[in-house]
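Quick notes on the structure that follows.
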Amino acid sequence: MSHIHIPDGVLPFWLVMTGYLLIAIYFLFLAINKKKININKKIALVGVMSALMFITMTVEIIPPAYHMNLAVLSGIILGPVLSILAIFSANILLVLLGHGGISVIGLNAFVVSLEAIIGFWGFRFLNSRIKNIFISASLAAFIALFISAWASIGIVYLGTNDMEALTHNHEHKIETVQDSHNHEQPVHHDDMDFDAGRFIVAILSLGLLGWVIESMLTGFIIKYIKQIKPDIIEYKVNPHLNELSGE
């Protein structure tokens with residue numbers, strides 16, 4: 324749900340470059356800390372989670388028109404660093420299918436990664452206090468989905484707000500237009516305004532059912548993995564390693 328399906332040429336340049344800058348910083352961090360994070364140990368799992376997210380992101384749940392991404396599941400399994408790599412890879416594949424433009428790859432990676440990071444730390448916090456792993460994973464997923472939805476709303480608002488300013492500046496130069504009878508009519512600027520309130524209500528109302536479904540699915544999967552291969556989600560923190568790797 325937090326994935327932004329916006330074609331190229333819509334969002335302002337500064338916002339697009341901000342997304343790419345964040346991704347560049349991430350890859351720089353990954354290159355510097357690759358030994359501490361131990362990428363080689365989980366590279367196969369990164370590929371599996373990337374493929375899983377790619378598949379789920381292309382499937383739409385009807386009627387709420389909701390796209391799952393299982394980013395929280397990826398965060399819990401891979402940790403908050405390697406999950407970003409899986410998310411970025413999935414976003415590249417989605418662009419090839421027309422799910423968003425090339426310009427929003429960085430922003431999409433940021434929003435979905437935010438979901439994975441919050442889900443990871445939320446799960447660790449809740450699981451240390453709630454012994455039911457299904458409830459811990461489900462709650463962590465729901466909270467992460469809710470927060471990432473607001474991040475998506477903020478990005479869309481920033482992009483459309485910038486467009487409104489440009490549109491109004493252009494229309495200020497030509498305040499009236501003539502109809503076919505050469506009568507002047509005022510231009511109604513309100514018709515082109517972005518209704519943020521209506522957009523927020525639409526996203527939150529449509530997303531609520533999807534969040535519940537995805538949260539419960541995440542909880543069931545984590546519970547199942549715990550039963551058959553618990554070492555995947557057992558986080559043994561080594562003080563000599565980077566805790567962000569999820570080890």
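Heads up: the sequence shown is residues 324 to 570, going by this note's numbering. Even for Gly, the Cβ is constructed at its ideal location relative to N, Cα and C.
Alpha-carbon to alpha-carbon, Val434 and Leu334: If you take the alpha carbons of Leu334 and Val434, they lie about 15 Å apart.
Just to confirm, are Gly423 and Ile346 a CB contact at a threshold of 8 Å? No, the Cβ-Cβ distance between Gly423 and Ile346 is not below 8 Å.
Own chain, CB closer than 7 Å to Ser373, minus 5 neighbours either side, in chain order: Excluding residues within five positions, the ones whose Cβ falls inside 7 Å are Ala409, Ser412 and Ala413.
Taking 7 Å as the limit between beta carbons, can you name the residues of its chain near Met340, skipping five residues before and five after? If you ignore the 5 residues before and after Met340, its C-beta comes within less than 7 Å of no other C-beta in its own chain.
Leaving out the 5 sequence neighbours to the left and right, which residues in its chain are closer than 7 Å to Asp331 when beta-carbon positions are compared? Only Gly424, Ile425 and Ser426 meet the Cβ criterion.
Out of Gly342, Ile536, Gly520 and Gly530, state which residue places its alpha-carbon closest to the alpha-carbon of Gly429. Among Gly342, Ile536, Gly520 and Gly530, the Cα nearest to that of Gly429 belongs to Gly342.
Pull the bridge partners of Tyr389 from the DSSP assignment, please. Tyr389 is bridged to Ile384.
Residue range of the alpha helix (DSSP H) that includes Leu420: Segment: none, Leu420 is in no alpha helix (DSSP H) and carries neither H nor E.
Would you mind sorting Phe336 into buried or exposed? The rule is 16 or more other CB atoms within 10 Å of its CB. Looking at its Cβ environment, which holds fewer than 16 other Cβ atoms inside 10 Å, Phe336 is exposed.
Burial state of Val382, where buried means 16 or more other Cβ atoms lie within 10 Å: Exposed is the call here.
Ile536 beta carbon near the ligand ZN (any heavy atom closer than 7 Å): Because no ligand of any kind appears in the structure shown, any question about the ligand ZN cannot be addressed here.
So Ser436 is in the alpha helix (DSSP H); what residue range does that whole segment cover? Residues Ile428 to Asn450.
Classify Leu532 as buried or exposed, calling it buried when 16 or more other Cβ atoms lie within 10 Å of its own Cβ. Label assigned to Leu532: exposed.
Below 8 Å between beta carbons: does that hold for Leu405 and Ile378? In this structure, Ile378 does not lie closer than 8 Å to Leu405 by Cβ.
So the candidates are Ile548, Ala467, Ile551 and Lys552; which of them puts its Cα closest to the Cα of Asn537? Strictly speaking, residue 537 in this sequence is Glu, with Asn absent from that position. When only C-alpha atoms are compared, the closest one is Ala467.
DSSP three-state assignment for Val395, whether helix, strand or coil: Here Val395 sits in helix by DSSP.
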